[in-house]
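So the structure is just underneath, and the comments pick up after that.
There are 2 protein chains.
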Amino acid sequence: MNNLDKLDSYIDKNLDKNLEELKRYVSQPSISAQKLGLKECAAMVKEMLEKRGFTAEVMATDGAPVVFAERKGKSDKTLLIYNHYDVQPPEPLELWESPPFEPEIRNGKMYGRGVSDDKSHLTARLHAIDAILEDEGELPCNIKFIIEGEEETASEHLHDYISKNLDRLKADACIWEFGGVDHRDKPVQYLGLRGICYVELSVTSLGTDVHSGLGGSILPNAAWRLTWALASLKGVDERIRIPGFYDDVISPSARDRELMDALPEVADEYLTRYGAKGFIKGLTGGTDLKIEEVFVPTCTICGLTSGYQGAGSKTVQPAFASAKVDFRLVPNQMPQDILKKLRAHLDAQGFSDVKIEFLGGEPAARTNPDDPFVKMVVDTAEDVYDAKMEVVPMIGGSGPNYPFVHDLGLPVVTMGHGYPDTKAHAPNENIRIDLYVQHAKHMVRVIKEFSK
Amino acid sequence: MNNLDKLDSYIDKNLDKNLEELKRYVSQPSISAQKLGLKECAAMVKEMLEKRGFTAEVMATDGAPVVFAERKGKSDKTLLIYNHYDVQPPEPLELWESPPFEPEIRNGKMYGRGVSDDKSHLTARLHAIDAILEDEGELPCNIKFIIEGEEETASEHLHDYISKNLDRLKADACIWEFGGVDHRDKPVQYLGLRGICYVELSVTSLGTDVHSGLGGSILPNAAWRLTWALASLKGVDERIRIPGFYDDVISPSARDRELMDALPEVADEYLTRYGAKGFIKGLTGGTDLKIEEVFVPTCTICGLTSGYQGAGSKTVQPAFASAKVDFRLVPNQMPQDILKKLRAHLDAQGFSDVKIEFLGGEPAARTNPDDPFVKMVVDTAEDVYDAKMEVVPMIGGSGPNYPFVHDLGLPVVTMGHGYPDTKAHAPNENIRIDLYVQHAKHMVRVIKEFSK
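Take a look at the structure:
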């Protein structure tokens, strides 16, 4: 039995115990949007790391605390692993087949809020570390963990934390919180994340709701004001109408197009999975769809609320209305700049009554697809997955990789066990346990190869 | 002591007992929009009428039952009294100072959902009948009650019920469910009601909510589709853009303008009461504001719902979005016609994905302000209120007066104890007990005068 076989065998044999730890971790609600269970969850994470001989610390920020942990290893090289212990809100609850905070294994999958995004990514990595420690008694390189509690609310205080802890976080490379496989189970290397600017737009038009028989004729309606303000941001052509919004956008390079072109076709898969009749912007598939998915900024209504929303009819004119809106940003758009342009646009359009609350943001950032660390992670995957890792130069989601790339100067790679039906951010979020095991095995290879 | 003094004195002396009956009636939830407590409430109403020697019957419809009751009197003339036992939903609950279904008297007011609209209007009328019966041992004319349970959801089945019971409902005149005084406590005669067409517009764009990092770029967003569809109905100029919407509108007559002009100025009062900075459409007050309030049809968003509406941010693209929308109609607009035009407009604008659910409607109807019955009600008010009753040719609210006016051929008058701060349809709905007593005394005079 060679050394890797031995480590793989440890991962297989000790899986149940490790999954019990994951269940315990998922059972602890930790909803950053609702500031629920965050301290408790941070304490649990600290304990999980200390169990592996890490020096761990729960460090205060102006928001949820960050758990920082490190353990020295044989070589001088340092690997930084980024995860988050917070999860998305579980609503709508009625669509869950099992309660979101009572993780359950069914048909080779574990279900629960945050199980995929990204609690299992931490435990899979700890499982790999357990295997190495069992075999070697020590780590082959220094490993640091930075595990934050506000990733699902745009990591409001992470950039500040990193700026203040540059020495502590010094490393040679970084492994990102998540990763995954495509619809053919092929591993994927996601190399860049879009930025985000998340706002709540709200209007208070009256001191009180009013009978619509009166209000509708002569008084300002908050829901109408909001509707018109939203419609001024983007029309059916999907073009964002905020002046200057596209000014700083960097178009994809020839190399980006080449990499996107090499990725498998996704159109039919998407339509089936998401129950859509078609795409927007007249897209049908191919490289155009793939480019649109990640290299173009967006403006998305994530939620609307106003007035009566119960059964049947209520004839009331609402005094208040609000919308959750996210803008996905591409290099080099900056959230604060977009915020300023949004305010200027609303004012210019006559919507100075629309209040903007900034709920978080971060700029986009990318890692060079030709970095040697990227190449090593891609190469080691083949042994585990029996398939070449696809290299995706940028993805549509967002995350706080900007300070890792620009403040810490690290190449950032993604690896993990997300898969197309993982339902992150949606009811019945789940992981496939076979993929979870593969991720742990890939981690073992990356740690060992990196340490050389 | 003359006869009227004796009746008034009965009303004053037996007020507490009567208010206890009202409290019991308000304590029974009867929310038509949520189909809650309707049967129980109808049974309670039947019992209240039987207590006064009426023959009462709970009659099934395709919706909530109608309570019909009658008692013969000395003269051949028949007075029909229309009320409803259903109430608006109590939400938002957190804004109530006392629970909506636990009526409470504070500072000369009774608070509770439905106390004003219109449970107290029934009990005040029963109080007047009690006084007459106590004094005369019988009624001076025939009195019929029709008390429905779907007024707050646009009286969906009432027109059908009336069409099928024309003989049973035969009468000489009709007293409407409500009425009231203006901000100077002067009684007001409201002679017409606008119609209504209430719809829920909804969009289902996907089979499931999707992470906004993916969905926002390429998949249809239900909230955006709804926003754009709504914005196509009406712009900031408040002009409704549905082709043909204004075709059947009858402009106010010279007599209408004369009556509206005679009404007191309301502008400052409205702005203060509803906490508004100004009116829409550039209105500032005067006859223009009063005309706009009732003689012009409207399109009001009563509610919006989509995606995530909790605290903080959730990055999700909603698969579903819906809006409650009411159109207030004026003579001669017909709800079914407006519905057809709305569908045609949405289709023509590319919004065939927007589903329309019709939640109820009724056409506008008016009573001739120069009808002798109107004159008698106006004249008898002076004795109670020490003020001339204002005659308002039409009001902004809606109600099912169309079948009373057009199928039964009755003059319909309003009288009651609503007042500007009564908060119908809003939290802390209430009545002023002094006005309640005045309404009962006015009822006594109307019944006696009518019987002559």
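First to last, the protein sequences are chains V and F.
Per numbering that gives the first Met the number 0, the very first residue in the first sequence carries number 0; after that it's consecutive.
Per numbering that gives the first Met the number 0, the very first residue in the second sequence carries number 0; after that it's consecutive.
We put the beta carbon where it would ideally sit given N, CA and C, even for glycine.
- Bounds of the alpha helix (DSSP H) holding D159(V) are L157 to K163.
- Shown in chain order are the members of the segment 296-314 of chain V whose Cβ falls below 8 angstroms from a Cβ of chain F: T297, C298, T299, I300, C301, G302, L303, T304, S305, G306, Y307, Q308, G309, A310, G311, S312, K313 and T314.
- When Cβ-Cβ separations below 7 angstroms define contact, V235(F) makes contact with chain V.
- Taking 7 angstroms as the threshold, the shortest C-beta distance from I249(V) to chain F does not fall below it.
- Residue burial is scored here from C-beta neighbours: I195(V) has at least 16 other C-beta atoms within 10 angstroms and is therefore classed as buried.
- The beta carbon of P91(V) is closer than 7 angstroms to those of P426 in its chain, skipping five residues each way along the sequence.
- P263(V) counts as exposed, since fewer than 16 other beta carbons sit within 10 angstroms of its beta carbon.
- The Cβ of Q316(V) sits closer than 7 angstroms to at least one Cβ of chain F.
- Assignment of V315(F) by DSSP, reduced to helix, strand and coil, places it in the strand class.
- Distance from the CA atom of P392(V) to the CA atom of G349(F), rounded to whole angstroms, is 36 angstroms.
- Between the alpha carbons of G178(F) and F244(F) lies a gap of roughly 30 angstroms.
- In the structure shown, L229(V) adopts helical secondary structure according to DSSP, grouped into three states.
- Scanning chain F for C-beta atoms nearer than 8 angstroms to the C-beta of S397(V) yields G212 and T314, reported in chain order.
- In this structure, H438(F) sits near A123(F), with a CB-CB distance shorter than 7 angstroms.
- G311(V) and P362(F) have their C-alpha atoms spaced approximately 19 angstroms apart.
- Counting the other CB atoms within 10 Å of its CB gives K38(V) a total below 16, which places it among the exposed residues.
- The Cβ-Cβ distance between A68(F) and A55(F) falls below 7 angstroms.
- Going by beta carbons, L6(V) and D134(V) fall inside the 7 angstroms limit.
- Under DSSP, I142(F) shares a beta bridge with R70(F) and L78(F).
- For P263(F), the secondary structure class from DSSP, reduced to helix, strand or coil, is coil.
- Separation of the CB atoms of Y435(V) and H416(V) is rounded to 5 angstroms, and the pair is thereby assigned contact status at 8 angstroms.
- Among the residues of the segment 124-154 of chain F, those with a Cβ less than 8 angstroms away from any Cβ of chain V are E151, T152 and A153, in the order of the chain.
- Annotation: V404(V) has no Cβ neighbours in chain F at a cutoff of 9 angstroms; minimum Cβ distance is about 18 angstroms.
- Three or more Cβ pairs drawn from the segment 225-243 of chain V and the segment 332-346 of chain V lie within less than 8 angstroms of each other, which places the two stretches in contact.
- DSSP places L48(V) within a helical segment (H, G or I) once states are collapsed to three.
- DSSP, read as helix, strand or coil, puts Q188(F) in strand.
- Between P219(F) and chain V, the shortest Cβ-Cβ separation is below 7 angstroms.
- Pairing K108(F) with N429(F) gives a Cβ-Cβ distance under 7 angstroms.
- Among the residues of chain V, those whose CB is under 8 angstroms from the CB of R327(F) are S211, G212, G215 and S216, following chain order.
- Bounds of the beta strand (DSSP E) holding Y110(V) are K108 to Y110.
- For N17(V), the enclosing alpha helix (DSSP H) begins and ends at L14 to S26.
- In terms of Cβ geometry, V248(F) and V329(F) form a close pair [threshold 7 angstroms].
- Excluding its 5 nearest sequence neighbours in each direction, Y307(V) has C-beta neighbours in its own chain below 6 angstroms: K313 and V315, listed in chain order.
- DSSP links R193(F) through a beta bridge to S397(F).
- Per DSSP, R105(V) is one residue of the beta strand (DSSP E) stretching across E103 to R105.
- Closest by C-alpha distance to V443(V), out of G111(V), A127(V) and P99(V), is A127(V).
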